[in-house]
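Novice: Here it is: the structure, laid out below.
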Amino acid sequence: MHAIVIDEPGGPEALVWREVPDPRPGPGEVLIDVVASAVNRADLLQRQGFYPPPSGAPPYPGLECSGVVAEVGADVEGFRPGDRVCALLAGGGYAQRVAVPWQQVMRVPEGVDPVEAAGLPEVACTVWSNVFMTARLRRGETLLVHGGASGIGTFAVQLAKAFGSHVVVTAGSAERIARCLELGADEGVNYREEDFSEKVRADVILDIIGGKYLARNVRALKTGGRLVVIGMQGGTKGELDLGMLLVKRASVHGTTLRSRPVDEKGVIVRGVVGDVWPLFDAGALRPVVHARVPMSEAAEAHRIVESGEHVGKVLLLT
Numbered sequence: 048m049h050a051i052v053i054d055e056p057g058g059p060e061a062l063v064w065r066e067v068p069d070p071r072p073g074p075g076e077v078l079i080d081v082v083a084s085a086v087n088r089a090d091l092l093q094r095q096g097f098y099p100p101p102s103g104a105p106p107y108p109g110l111e112c113s114g115v116v117a118e119v120g121a122d123v124e125g126f127r128p129g130d131r132v133c134a135l136l137a138g139g140g141y142a143q144r145v146a147v148p149w150q151q152v153m154r155v156p157e158g159v160d161p162v163e164a165a166g167l168p169e170v171a172c173t174v175w176s177n178v179f180m181t182a183r184l185r186r187g188e189t190l191l192v193h194g195g196a197s198g199i200g201t202f203a204v205q206l207a208k209a210f211g212s213h214v215v216v217t218a219g220s221a222e223r224i225a226r227c228l229e230l231g232a233d234e235g236v237n238y239r240e241e242d243f244s245e246k247v248r249a250d251v252i253l254d255i256i257g258g259k260y261l262a263r264n265v266r267a268l269k270t271g272g273r274l275v276v277i278g279m280q281g282g283t284k285g286e287l288d289l290g291m292l293l294v295k296r297a298s299v300h301g302t303t304l305r306s307r308p309v310d311e312k313g314v315i316v317r318g319v320v321g322d323v324w325p326l327f328d329a330g331a332l333r334p335v336v337h338a339r340v341p342m343s344e345a346a347e348a349h350r351i352v353e354s355g356e357h358v359g360k361v362l363l364l365t
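Just so we're aligned: 63 in my numbering is position 16 of the sequence shown, and the numbers increase by one with no gaps anywhere.
Next comes the structure, spelled out in C-alpha cells:
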C-alpha cells in the first residue's frame, strides 16, 4: 500500500507519499481499506516532531478514517468484511489501509456520505468525552467553545444545541462567527476585537488554547463551572487564580484522547454510537467539510489547516 511517511520532522514538504508494507490485523483488530482520512492539529504537531504516536501505533499520521472492512482478526465482535465504517485511530490514517482495535470502529451514521464520515470520529469522540462525559453539560446550560469554526468547534456547536444548550463561540473574524451562527451558535465573540471574559459567563468551556486563556477562562466560568482544556495552541503555562476557583466552586480538567487505553476509547465510542449517531439521522447534525484533498497531496491539506482560515474539516481522499 501507499502511506504518508515522515522521514525528518519539518514543514508540510516533509509529508511524502510512499509505498510501505501492508498492515495485517492482529487479534481483536479490524483491517480497513481507507477511503478517506482527515487532518487534525495533532497531525501537524507529529509532522513537526512534537507529538510522536503512542507505542504500538502505526508511524504514519492520521487520527481518524472512513472506509470498508477488508478483514477481521480473531476475537472481533460485530464487524465483518464489506461493512462501511469509520474509526478513531492512534495513528495510521494517512494510508490506504489501517488495522485498528474493533472497539474503536463505528459503522457510518445513517445518511452520512462515506467520505465525509472520515472527519467525524475524532471530533465526535472529543466533544462527547469532554463536554458531556467529563464536564456533564446539561440542558439549558451555557457552553463556550473556543475556536468555534474549527472541526471540533463546528461539531461542538451542533451537538450542544441538539442537547438544548446555549452556545457561545470565539472566532477570529465576522465571517467565521457567521458560519458558527448558521450551525446553531447563539452568540459569537471576535477574539481579535473583544475580551470574551468580559462578555461571557459559561457553565462549561471547551478550550483548545491552553495557557494563554487560563486566567480568562476561569474568570468567564459561572459558579459551579467546568473548564476542559484539550489543546495548547496558546502555550502550556498560565496563571491560575485558586481563590477565584474556590469561590466559584469551579473545576479545571485537562484531557487527551489519543493516548488513552483501548478500553477507555471503547467506552467513548459506544457512547457516540448510541447517543450521537442517531442525531445525524434526525437531521440535527451534519459533517462540516472545508476541502477535499488527495491524500498524496497531504502537504497542501496541512497548509490549509495551518492557515487557520478553514471552517470545519479538511479531508484526505485515497
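From the three backbone atoms N, C-alpha and C, an ideal C-beta is built for every residue, glycine too.
Using the C-alpha atoms, what's the distance from L261 back to V276?
Specialist: The count along the sequence shown starts at 1 and reaches residue 276 at position 229. The count along the sequence shown starts at 1 and reaches residue 261 at position 214. For V276 and L261, the distance between alpha carbons rounds to 9 Å.
Novice: Write down the C-beta distance between G114 and V82 rounded to the nearest angstrom, noting that I regard them as a contact closer than 8 Å.
Specialist: Working through the sequence shown from its first residue, we reach residue 114 at position 67. Working through the sequence shown from its first residue, we reach residue 82 at position 35. Going by Cβ atoms, the distance from G114 to V82 rounds to 4 Å, so yes, they are a contact pair.
Novice: Determine which residues share a DSSP beta bridge with S298 and list them.
Specialist: On the sequence shown, residue 298 is found 251 positions in, with the first residue counted as 1. BP columns for S298 point to R273.
Novice: Are there 16 or more other CB atoms within 10 angstroms of the CB of R144, so buried, or fewer, so exposed?
Specialist: Numbered from 1 along the sequence shown, position 97 holds the residue referred to as residue 144. Classification of R144: buried, given that the 10 Å Cβ count is 16 or more.
Novice: Taking 7 Å as the threshold (C-beta atoms), are P168 and C133 in contact?
Specialist: Within the sequence shown, residue 133 is the residue found at index 86, counting from 1. Within the sequence shown, residue 168 is the residue found at index 121, counting from 1. Yes; because the gap between Cβ atoms is below 7 Å, this pair is in contact.
Novice: Report the residue ranges of all alpha helix (DSSP H) runs contained in full by the region 177 to 212; include only those spanning at least 4 residues, in chain order.
Specialist: Runs found: 198 to 209.
Novice: Pull up the distance between the alpha-carbon of R226 and that of S220, whole angstroms please.
Specialist: The residue you call residue 226 lines up with position 179 of the sequence shown. The residue you call residue 220 lines up with position 173 of the sequence shown. Distance between the alpha carbons of R226 and S220 is about 10 Å.
Novice: Whose CA, out of L78, A121 and G138, lies closest to the CA of R307?
Specialist: Counting from one through the sequence shown, the residue named residue 307 turns up at place 260. For R307, the closest of L78, A121 and G138 by C-alpha to C-alpha distance is G138.
Novice: Measuring alpha carbon to alpha carbon, tell me which residue in V86, Q95, L78 and F327 is nearest E55.
Specialist: As a position in the sequence shown, residue 55 is number 8, starting the count at 1. The candidate whose alpha carbon is nearest that of E55 is Q95.
Novice: Let me know the secondary structure DSSP gives D250 once reduced to three states.
Specialist: Start at 1 with the first residue of the sequence shown, and residue 250 comes out as number 203. Three-state result, D250: strand.
Novice: Taking the continuous alpha helix (DSSP H) assigned at L135, which residues delimit it?
Specialist: If you number the sequence shown from 1, residue 135 lands on position 88. Where L135 is concerned, there is no enclosing alpha helix (DSSP H), although the beta strand (DSSP E) it sits in stretches over R131 to L135.
Novice: Can you tell me which of the three DSSP states K284 falls into?
Specialist: The sequence position of residue 284 within the sequence shown is 237, counting from 1. Reduced to three states, the DSSP call for K284 is coil.
Novice: Kindly indicate which three-state DSSP category S113 falls into: helix, strand or coil?
Specialist: Within the sequence shown, numbered from 1, the residue matching residue 113 stands at position 66. Correct three-state label for S113: strand.
Novice: Going by DSSP, what residue range makes up the alpha helix (DSSP H) through K259?
Specialist: Here residue 259 is taken as the residue at index 212 of the sequence shown, counted from 1. Looking at the DSSP string, K259 is not in any alpha helix (DSSP H), and its letter there is neither H nor E.
Novice: Could you round the C-beta distance between K312 and Q151 to whole angstroms and report it? I think they count as a contact, below 8 Å.
Specialist: Position 265 of the sequence shown, counting from 1, holds the residue named residue 312. Position 104 of the sequence shown, counting from 1, holds the residue named residue 151. Yes, they are in contact, since the Cβ atoms of K312 and Q151 sit about 5 Å apart, within 8 Å.
Novice: Just how far apart, CA to CA, sit R53 and Y141?
Specialist: On the sequence shown, residue 53 is found 6 positions in, with the first residue counted as 1. On the sequence shown, residue 141 is found 94 positions in, with the first residue counted as 1. In the sequence under discussion, the amino acid at residue 53 is Ile, which differs from the Arg named in the question. Each residue's Cα considered, the two are about 11 Å apart.
Novice: To the nearest angstrom, how far is the alpha carbon of V86 from that of I351?
Specialist: As a working mapping, residue 86 is identified with position 39 in the sequence shown. As a working mapping, residue 351 is identified with position 304 in the sequence shown. C-alpha separation (whole angstroms): 10 Å.
Novice: Identify, in the order they occur along the chain, each residue of the same chain with its Cβ nearer than 6 Å to the Cβ of L206, setting aside the five sequence neighbours on each side.
Specialist: As a position in the sequence shown, residue 206 is number 159, starting the count at 1. The answer, listed in chain order, is V174.
Novice: For the putative contact between G198 and G166, defined by C-beta atoms under 8 Å, what is the C-beta separation to the nearest angstrom?
Specialist: As a working note, residue 198 is residue 151 in the sequence shown. As a working note, residue 166 is residue 119 in the sequence shown. With a Cβ gap of about 7 Å, G198 and G166 count as contacting.
Novice: Go to E169, then tell me how far its alpha helix (DSSP H) extends in each direction, as first and last residue.
Specialist: Translated into positions along the sequence shown, residue 169 becomes position 122. From DSSP, the alpha helix (DSSP H) with E169 extends over P168 to V174.
Novice: Please confirm if the region 181 to 201 is in contact with the region 113 to 129, defined as three or more CB-CB distances below 8 Å between the two stretches.
Specialist: no
Novice: Measuring straight from C-alpha to C-alpha, what distance separates E286 and A249?
Specialist: Start at 1 with the first residue of the sequence shown, and residue 286 comes out as number 239. Start at 1 with the first residue of the sequence shown, and residue 249 comes out as number 202. Taking the straight line from one Cα to the other gives about 19 Å.
Novice: For A348 versus L332, is the C-beta spacing smaller than 7 Å?
Specialist: Residue 348 sits at position 301 when you count from the first residue of the sequence shown. Residue 332 sits at position 285 when you count from the first residue of the sequence shown. Against a cut-off of 7 Å, the Cβ pair of L332 and A348 comes out as no contact.
Novice: Please go through the region 60 to 118 and give each complete alpha helix (DSSP H) segment of 4 or more residues, from N-terminal end onward.
Specialist: 88 to 94
Novice: In whole angstroms, give me the CA-to-CA distance for K284 and V358.
Specialist: Working through the sequence shown from its first residue, we reach residue 284 at position 237. Working through the sequence shown from its first residue, we reach residue 358 at position 311. Taking the straight line joining both Cα atoms gives about 28 Å.
Novice: Hey, quick one: how far does the beta strand (DSSP E) through E234 stretch, first residue to last?
Specialist: In the sequence shown, counting from the first residue as 1, residue 234 sits at position 187. Per DSSP, E234 belongs to the beta strand (DSSP E) from E234 to N237.
Novice: With distances taken from CA atoms, which of L135, R131 and G272 is nearest D310?
Specialist: The residue you call residue 310 lines up with position 263 of the sequence shown. Considering only alpha carbons, the answer is L135.
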